[in-house]
Every structure is written in structure tokens, then in C-alpha cells.
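J.:
2 protein chains.
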Amino acid sequence: MATISDVAALAGVSTATVSRALNGKSTVDPVLAERVARAVEQLGYTPNGLARSLRRRETAVLALIISDVENPFFTAIARGVEDTAQAAGYSVMLCNSDENTAKERRYVEVAAQERLAGVIMSPTTGDSDVRPLLAHRTPIVTIDRRLGSADCDAVLVDSRAAAREAVEHLAAQGYRRIGCIAGPPGITTADERLDGYRDGLRAAGRRYAAKLVRRCEFREAGGREAAAQLLAGPDRPDALLVSSSTMAVGVLQAMAELGLRSGRDVGIVSFDEAPWATLISPALTVVAQPAHAMGQLAARLLLARIGDRGERPAATTTLAARLVVRGSSTR
Amino acid sequence: MATISDVAALAGVSTATVSRALNGKSTVDPVLAERVARAVEQLGYTPNGLARSLRRRETAVLALIISDVENPFFTAIARGVEDTAQAAGYSVMLCNSDENTAKERRYVEVAAQERLAGVIMSPTTGDSDVRPLLAHRTPIVTIDRRLGSADCDAVLVDSRAAAREAVEHLAAQGYRRIGCIAGPPGITTADERLDGYRDGLRAAGRRYAAKLVRRCEFREAGGREAAAQLLAGPDRPDALLVSSSTMAVGVLQAMAELGLRSGRDVGIVSFDEAPWATLISPALTVVAQPAHAMGQLAARLLLARIGDRGERPAATTTLAARLVVRGSSTR
DNA sequence: GGTATGCAGGAAATCGATTACCGGCACGCT
DNA sequence: AGCGTGCCGGTAATCGATTTCCTGCATACC
């Protein structure tokens, strides 16, 4: 492979001049610049990004650490991040932590080692270990979930209020035994949605009953099992608040197997908008989160931090979710 | 940040010894190794991956260039790639080309500049420009689509045969005017599925009619518009082969608006399995592609190429798709 | 004409690791 | 005892760029 020295030799100038010509930092005699350009062309020279980053002590790559690349909510975030990062000349390394603390930890280490410019993450637990990043003063923005172990910018959704609103809606529709399928303990959104669920019950004058609640992974299989258990029992819930669209798929499958129809038999509200929400019958009522906007915002915040190296205090931005009422939550 | 020299100084040894101790390449006196370990611990030292990669002339990062992170087919691929890459100690840089030649080109350049270990891509066009990668002898594996402009490993699905089978199935079910919603010209899978559609018509003794075919982007909006056009006309198709699940969402929306029921009014077969396929009524007949396995295989092939630097000739692996018949294609 | 000023471009240091090479020491063999 | 062998670890070269520092030349001003 051609190096900058090869280019310099062919153009009959020093490497310093080649570098200056290519980066346009300082003025270079047009004649020399032209010779350099020709040499670059002729050799098919591509600058070595590693050498550049090493010297400059900076890279143009961000990491995005999420827990499930197959979850549309996270891919919408990824899309938002990628869009704004790309527009600013940054690339994105997408890391799938799989809700696994060890994998997450490994990615945090990689991000630190590769001296990535910044990290956007939705932490697996509130106290995920990000010390390697802190040691390098790598900016971090958390998205969707909080991080208790470090003080950094966060882009969140007011899950608690949204869950409460959803439950109040179900109660207003006349559902009496409202259950909840929540995510695993320790994940901040899972806990907050459960809190919101209780808020909603209280506001509607209903009593909280542990047997109407199940906690499981944010996955189809988890939702399916949880719903099967809840709906098979003798005094089954007549409505469910489901914490993600991936779970909702499982819940709806379980209902189909039991011959239960959403809306009429069991009112359903699920977090996350989904493309298929209006294709099923009745259509699915959802708590729509602004995932794409969250990704864009997180990326903008991160880029700002990368830019100003400054000591602005960490800020938390909380966006509102929107309850979209459809047939699955009305009788 | 602590560097290897700091560690060396604190441990009272040379940087060479620190490097050897950390990489275990050659034997180091256990006493010194212990001192090094302690110094590393004390300083919170993280090796600089850039410096290492520069010197070793290799990185442990792969690029995955796909056209739509929000398309479940591609995320399933991404998942497969990530799983096997991660198991082999590699990280994955996910690049969203958005079916945009310029963005794709930019990512190819970044991959070349950053000296990534290898690239897995589903090219936007058959003649996407990958010269920067070839110049560095960076291994490439294409996935889902072929690349005409370079000779490299490919992991494909026999789209043509699958499309043919789908059309024959529709014909066997008694559908008479079978239409097709195909992807944009130039994308190899789009063209192949259209070819397979014609094969199927021929095998079933039907005549090909251009007015039963629409080509559009692999997106919801494209499918919706195409379906609206096809189904609004006077002699509308009574069945459709749809080239992706993202398009299918749009198609089904258009049908709902027109008051058409799938199966009874219009037989539908769509490419790509989807979690919601069985939630709608009637359930959606699909051509299931082994996306996750494709990703795993592509990653394995790429890692093998990275390993043996050798000149094995490029190989194309073609996997079969599976027609999963459900209610949307039976009367 | 002499000195100050500015600017372009080259030589060499630098980023932070890995590794080729070499010196020194211990051990074994004759 | 003398010499060869092997191992351990230090010195310094190296990866390929950027950037500092400095030299030399041209222009300007007194």
C-alpha cells in the first residue's frame, strides 16, 4: 500500500507538504498541490486513518451500545443516531449488548481502547460499569435508560407518566382487572413503567395486585409466557399493559391460542409503535415513543460534548410519549 | 491517560517487557509480570488500540454495510454477523447505506481508511465501487446480493427459485391474475425475484403482463403506492407476489383501505418471515429466508479469509428459502 | 542598503504501541 | 577452565500520519 512518503517522493516534496496539501490546513503553492494531487491519484493513495487518529488523538467514530438490534425501537434509535452522526462526518459502531452485562462491559472496553470519540448507550443495568470510558474522559450519553454510576447526559422518555396514562385509559374504558407485563427488574424503564402502572391504578381507584403482574425479558418469548400464565388462571386480568412491542407479539400469540380477542376479551395497550399495529384486528393501541428523534437528539448532544470538551453539567432530556388509542383497548 | 511507558516506569521495567507481559507472546519472569500487572491496575491503564493496530497492521473490526437498519431482514443478518464476530473477538461497525450509492461509497472509503479487517456488504447496485477495499486487499463478502465489479465470496438465497415456487403455489390455488411488486431495477435480488416470477408464470402456463408488475423501493411506502395503483385499476390482479416484508406492510394497508381481504380477494405471498405474520388475519404466507444463518455464514467466511490471507478462489454459497403457506394465499 | 516581517516548505519529533536485534548471564558440555 | 547455547529483557526501529520548529527567501519599510 502506498504511504504518504511514497506520495511525497513521487511528487518531489516532503511528507509535511503532502499532509498540508491534503488537509488544507495551511496554504500550499498551487503548483505543488497539483503535483501532490496527481501523485495521490496515480498511486491510489488512501491515508491511513489509524496513523492519523493516533497522532491527532481523536477518531471520527461513535459507539452505540444497545441491547437488541432486532427490536424495532432500538433500530429506530440507531437510525436516528446514524443519520445525524453521518451528516457530521462520524461513523457509528453498533454494539449489541443483548442485555448481557459481560458483553456490554466488553464493548465499553473496546470503545475505550479504540479511543472512540463518544458513546451512546442504553445501559443494561442502572449501575453498568463505564469506568474505562470515564478514565479516558470519553463523552457518554445514555438513551432510553439512566445510568446511576456516572453523571452524563441522558435522553429519556417519561415512561412512568405514559404508563399511568395508559392504565387510566384502560380503566376509563371499563376494564376492571388491569394487569401488567413488565420488563426485568433493574432496567430503569422496566421499573418506571411498573411504577406508572401503579400510579395509574391508584388514580383510577383500583387496588394493586401482585398476581396481575409478571416480569419478563423484553422479548417475544417472554411476553408469550407471561401472558399465557396470566390469562390461563381463574381470575384472569381483563386488560394488560405490555412494556414493549416485542413482548406484545408474544402476548397476542398467547391470546390467539387461548381464543381471546383483544379489546373485547382483554384490553391491550403496548409500548412502542409498530408497523403492523394497524394491520391486526382490532388494531393495537400503543404508547408511541419518539425513537428516531431520541436517536438524533442523543447524537447531537454527544457531538456537542465532543466538540466543546467543556464542563457543561450533565443534562437529562425527557421526551413525552404519545398514547395512540386503537381498537385493542376499547370494547 | 496512562501509556505503556508510564506502566513501564512504575513497574521498573522496559516498555518491551510490559508489552510482552500483557500479550503473553514470550515468557516473562513471573516477578516482573506481577509488577507489571500491579502497575497496570494502579494506573488504570488501557492499551491504545490505535497504536497497536498501526504497528500490527491489523484491526479487530469488521464493517457490515446494509441498506436499511430498520428492515428486520437486515437486522436478523446483523444479529448473525454480530454473534459470530463477537465470539471471535471482533467488533462490528454497522453502516447504513440507505440504498444510496454515495453513502455506500463513503462507508467503503471509511472501511478502507480505518484499515478494517474485512467487510460484509449487500451492495446497492451490482457494480458498486469497492476499489478502495481491493487496493488494500481487504476481504469482502457480499450478502443477499451479488457484486459484479469484484470477485468475492457471496452468501445468497435462491430468490429466483423461491419466487417461482411462490407463483406456482398461487397458481395452484386458483389465482388467475398474479401480479408482482418487485424492488428497484439494478438490485440483484429485485431482478432475480422478478425473473422467478416470470418463471413461475411460464411454468403455470400463464402469460406475463407488464401491467401486473410494479417496481418500487423496498419500503412500506413503496409497497403501499404500488399496491394502490395495481389494485385500483379495472382488471386488477387477484394475487400478488411481494418482494419484502417491509413492502408487504404497505400492501396490506392499501388493501385494507380498499376493503380487500387477503386470501379471499387477493392472494398474497411476501418475501421475509415477520413476527407479525401470524397475528394478522388471515395469516401471511411468506418466503422465509434464513437471515440469521446468512449473517453467521458470511461472518465465518470473512473471518476465514482474514485468517488465511490465502488465495482461495471466491465461492458463492446459495441457501434455499422456504415457502411457508398460510391463509393469505389460500381461498 | 539594511533590517524587520511574513510565509512557504523541509527536517525531525511525536502519537503509543510492537518487535527485531543484541548484550549479558546462567548453565552445560568437553 | 573455556566455550557454546539459550533465555531474558533492554534499546531502538518501526508503523504512517500530523505538527512543531526552523531555515531560507521574498517583500516592505525606514
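The listed protein sequences correspond, in order, to chains A and B.
Here the first sequence stands for residues 1 to 331, where the numbers follow full-length UniProt numbering.
Here the second sequence stands for residues 1 to 331, where the numbers follow full-length UniProt numbering.
Cβ coordinates follow ideal geometry from the N, Cα and C atoms, glycine included.
Report yes or no: is there a C-beta of chain A within less than 9 Å of the C-beta of Arg214 (chain B)?
T.: No, Arg214 (chain B) lies away from the interface with chain A (no Cβ there is under 9 Å from its Cβ).
J.: Using the beta-carbon of each residue, which ones in chain B are nearer than 8 Å to Arg115 (chain A)?
T.: What Arg115 (chain A) touches in chain B: Asn48, Gly49 and Leu50.
J.: In chain A, which residues lie less than 8 Å from Val249 (chain B) when you measure between Cβ atoms?
T.: Pro275, Trp276 and Leu279, listed in chain order.
J.: Hey, how far is the Cα of Arg164 (chain A) from the Cα of Pro313 (chain A)?
T.: For Arg164 (chain A) and Pro313 (chain A), the distance between alpha carbons rounds to 30 Å.
J.: Could you check which residue in B:Thr27, B:Arg35 and B:Ala150 has the C-alpha nearest to that of Ala8 (chain B)?
T.: Of the candidates B:Thr27, B:Arg35 and B:Ala150, the one whose C-alpha sits nearest the C-alpha of Ala8 (chain B) is B:Arg35.
J.: Tell me whether Ile181 (chain A), by its Cβ, gets closer than 8 Å to a heavy atom of the ligand GTP.
T.: Here there are no bound small molecules, and the ligand GTP is not part of this structure.
J.: Looking only at C-alpha atoms, which of A:Arg79, A:Leu230, A:Arg105 and A:Ala37 sits nearest to Leu260 (chain A)?
T.: Minimum Cα distance to Leu260 (chain A) is reached at A:Leu230.
J.: Note down, in chain order, each residue of its chain lying with its Cβ closer than 6 Å to the Cβ of Gly327 (chain A), except the 5 sequence neighbours on either side.
T.: Contacts found: Gly263, Pro282 and Ala283.
J.: Could you give the distance in angstroms between the alpha-carbon of Ser122 (chain A) and the alpha-carbon of Arg236 (chain B)?
T.: When rounded, the distance between both Cα atoms is 48 Å.
J.: Under 8 Å by Cβ, that's how I've got Ala298 (chain A) and Val167 (chain A) pegged, so tell me the actual separation to the nearest angstrom.
T.: The Cβ separation is near 28 Å, so there is no contact.
J.: Ordered along the chain, which non-local residues of its own chain (more than five positions away) have a Cβ less than 6 Å from that of Asp195 (chain A)?
T.: Excluding residues within five positions, the ones whose Cβ falls inside 6 Å are Arg160.
J.: Does the region 201-213 of chain A come into contact with the region 147-159 of chain A, if we say contact requires no fewer than three beta-carbon pairs (one atom in each stretch) closer than 8 Å?
T.: Verdict: no, contact absent.
J.: Looking at chain B, is there any beta carbon in it that lies within less than 9 Å of the beta carbon of Leu303 (chain A)?
T.: Leu303 (chain A) does not count as touching chain B.
J.: Below 7 Å CB to CB, which residues in the same chain sit around Thr285 (chain B) once its five sequence neighbours on both sides are set aside?
T.: So the list reads Ile268, Val269, Val324, Val325, Arg326, Ser328 and Ser329, once near-sequence residues are dropped.
J.: Closer than 9 Å, CB to CB, is Gly44 (chain B) near chain A or not?
T.: Cβ-Cβ to chain A under 9 Å: yes for Gly44 (chain B).
J.: CA-CA distance, Arg305 (chain A) and Gly295 (chain A)?
T.: So the two alpha carbons sit approximately 15 Å from each other.
J.: On the DSSP bridge list, what partners appear for Ile280 (chain A)?
T.: DSSP lists no partner for Ile280 (chain A).
J.: Straight-line CA distance for Pro47 (chain A) to Asp6 (chain A)?
T.: Their Cα atoms are separated by approximately 11 Å.
J.: Which runs of the beta strand (DSSP E) spanning at least 3 residues fall entirely within the region 54-125 of chain A, listed in chain order?
T.: DSSP runs (the beta strand (DSSP E)) wholly in the region 54-125 of chain A: 61-66, 91-96 and 118-121.
J.: Straight-line CA distance for Glu109 (chain B) to Ala226 (chain A)?
T.: Their Cα atoms are separated by approximately 47 Å.
J.: Just checking, does the region 9-29 of chain A make contact with the region 55-69 of chain A on the three C-beta pairs under 8 Å criterion?
T.: Too few Cβ pairs lie closer than 8 Å, so no.
J.: Is Glu257 (chain B) buried or exposed, if buried means 16 or more other CB atoms sit within 10 Å of its CB?
T.: Exposed is the call here.
J.: With Ile143 (chain A) as the anchor, note down where its beta strand (DSSP E) starts and where it stops.
T.: Ile140 to Ile143 is the span of the beta strand (DSSP E), which, as asked, contains Ile143 (chain A).
J.: Less than 9 Å between the beta carbons of Ala76 (chain B) and Leu62 (chain B), yes or no?
T.: Taking 9 Å as the Cβ cut-off, Ala76 (chain B) and Leu62 (chain B) do not qualify as a contacting pair.
J.: Considering only their Cβ atoms, is the gap separating Val69 (chain B) from Asn96 (chain B) smaller than 9 Å?
T.: In this structure, Val69 (chain B) lies closer than 9 Å to Asn96 (chain B) by Cβ.
J.: Check distances from the C-beta atoms of the region 166-181 of chain A to those of chain B and list, in chain order, the residues that come in under 7 Å.
T.: The region 166-181 of chain A vs chain B, Cβ under 7 Å: nothing.
J.: Going by other Cβ atoms of all chains shown within 10 Å of its Cβ, with 16 needed for buried, is Gln42 (chain A) buried or exposed?
T.: By the 10 Å Cβ count, Gln42 (chain A) comes out exposed.
J.: Compile a chain-ordered list of the residues in the region 129-146 of chain A whose CB is closer than 8 Å to at least one CB of chain B.
T.: Within the region 129-146 of chain A, the residues whose Cβ lies closer than 8 Å to some Cβ of chain B are Arg131, Pro132, Ala135 and His136, listed in chain order.
J.: Which residues in the same chain as Glu273 (chain A) place their Cβ atom closer than 6 Å to its Cβ, once the five residues preceding and following it in sequence are excluded?
T.: Val286 and Ala288, listed in sequence order.
J.: Going by the beta-carbon positions, is the gap between Ala11 (chain B) and Leu32 (chain B) smaller than 9 Å?
T.: Yes. Within cutoff.
J.: Candidates A:Ala111, A:Ser244 and A:Arg146: which alpha carbon is nearest Leu134 (chain A)'s?
T.: Closest by alpha carbon: A:Ala111.
J.: Classify Leu323 (chain A) as helix, strand or coil using the three-state DSSP reduction.
T.: Reduced to three states, the DSSP call for Leu323 (chain A) is strand.
J.: Listed from N- to C-terminal order along the chain, which residues in the region 220-238 of chain B have their beta-carbon within a distance smaller than 9 Å of any beta-carbon of chain A?
T.: Result list: Glu220.
J.: Using a Cβ cut-off of 9 Å (strictly closer), state whether Lys103 (chain B) contacts chain A.
T.: For Lys103 (chain B), the answer is yes, since a Cβ of chain A falls inside 9 Å of its Cβ.
J.: For Arg137 (chain B), collect the residues of the same chain with a Cβ closer than 7 Å to its Cβ; drop the 5 residues on either side in sequence, then sort them by chain order.
T.: So no residue of the chain qualifies.
J.: At the level of alpha carbons, what is the spacing between Ala150 (chain B) and Ala277 (chain A)?
T.: The alpha-carbon atoms of Ala150 (chain B) and Ala277 (chain A) are separated by roughly 42 Å.
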